[in-house]
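2 protein chains.
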Amino acid sequence: MFRHVVLFKWNDQATEERLRRMEEELRALPGVIEQIRTYEMGTDVGVNRGNYDFALVAGFDSQEDYLVYRDHPRHRAVIDEHITPILLNRVAVQFVS
Amino acid sequence: MFRHVVLFKWNDQATEERLRRMEEELRALPGVIEQIRTYEMGTDVGVNRGNYDFALVAGFDSQEDYLVYRDHPRHRAVIDEHITPILLNRVAVQFVS
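Chains A and B are the protein sequences, given in the same order.
In terms of my numbering, the first sequence has 1480 at position 93, counting the first letter as 1, and numbering is strictly consecutive.
In terms of my numbering, the second sequence has 1474 at position 87, counting the first letter as 1, and numbering is strictly consecutive.
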């Protein structure tokens, strides 16, 4: 499985409503981008200090399929409209498990 | 599933041998800590600039099981002996998917 893992730290513009809309938009992507095999996300539960706020763990059959997702217009739109405005920092890794 | 996701950035002490040993030690943990349900890891494939170097994505049945893993002496030993010496930065999130 080709894994795409992203951890997000939100800024102080990240209201509950904006976080809810962002998650709703992300959760809609597997219905639009057929290359997505697995798509898990969630807010940090707060058991450890110093963590980031939110995680997305996606799975694809191949690097090529991941790149289709990465550059897909709907994915780009979610980033531009719902993630970038509330983003303080973002860390990612793609790996083959 | 209770998810534990960690992304690592290595320092310049991270030789190939030390990275190999670190991964070997981590991959042995599911055989020692029965609470681990899924345990995927890997080195960043390099398709995006600015990524971190390595990811670990683990799954547990519950937060309690994750905490057994987090505080397990064998896990702590791998961190102290094989990760901390080569670690530049670490970012984590735990979430319920």
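The beta-carbon is built from N, C-alpha and C at its ideal position, and this holds for glycine as well.
### Residue span of the beta strand (DSSP E) that contains residue 1401/A, given as start and end
Run containing residue 1401/A: none; DSSP gives neither H nor E here.
### Task
In the DSSP assignment, find the unbroken alpha helix (DSSP H) run with residue 1453/B in it and report its ends.
Segment 1450-1458, the alpha helix (DSSP H) holding residue 1453/B.
### Query
Which word fits residue 1475/A, buried or exposed, when buried means at least 16 other C-beta atoms lie within 10 angstroms of its C-beta?
Exposed, because fewer than 16 other Cβ atoms sit within 10 Å of the Cβ of residue 1475/A.
#### Entry: Per-residue contacts from residue 1427/A into chain B (C-beta, under 7 Å)
Think of a sphere of 7 Å around the beta carbon of residue 1427/A: the chain B residues whose beta carbon falls inside it are 1390, 1484, in chain order.
### Task
Go through its chain and collect everything with a Cβ distance to residue 1429/A's Cβ below 8 Å, but skip five positions before and after it.
So the qualifying residues of the chain are 1441, 1442.
### Query
What is the residue span of the beta strand (DSSP E) that residue 1426/A lies within?
Start and end: 1425-1430.
### Query
Who are the neighbours of residue 1467/A on chain B, taking C-beta pairs under 7 Å?
Those within 7 Å of residue 1467/A in chain B number zero; the least Cβ separation is about 17 Å.
### Exposure label - residue 1434/B; buried when at least 16 CB within 10 Å
Answer is exposed; the Cβ neighbour count stays below 16.
### Message
With H, G and I counted as helix, E and B as strand and the rest as coil, what does DSSP make of residue 1390/B?
### Response
In this structure, residue 1390/B counts as strand in the three-state DSSP scheme.
### Task
Check distances from the C-beta atoms of the stretch 1429-1441 of chain A to those of chain B and list, in chain order, the residues that come in under 9 Å.
The stretch 1429-1441 of chain A vs chain B, Cβ under 9 Å: 1429, 1430, 1431, 1432, 1433, 1434, 1435, 1437, 1438, 1439, 1440, 1441.
### Message
Please report whether the beta-carbon of residue 1481/B lies at a distance below 7 Å from any beta-carbon of chain A.
### Response
So, interface residue.
### Task
Leaving out five residues on either side along the sequence, give the residues of the same chain with a beta carbon under 6 Å from the beta carbon of residue 1391/B.
Counting only residues of its own chain and dropping the five nearest sequence neighbours on each side, residue 1391/B has a CB closer than 6 Å to the CB of 1445, 1453, 1481.
### Task
Would you be able to state if there are at least three C-beta pairs under 8 Å between the stretch 1463-1470 of chain A and the stretch 1401-1410 of chain B?
Between the stretch 1401-1410 of chain B and the stretch 1463-1470 of chain A there are fewer than three C-beta pairs closer than 8 Å, too few to call the two in contact.
### Task
Classify residue 1446/B as helix, strand or coil using the three-state DSSP reduction.
DSSP places residue 1446/B in strand when its eight states are reduced to three.
### Through-space distance from residue 1473/B to residue 1393/A, alpha-carbon basis
Put simply, the backbone Cα of residue 1393/A is about 22 Å away from that of residue 1473/B.
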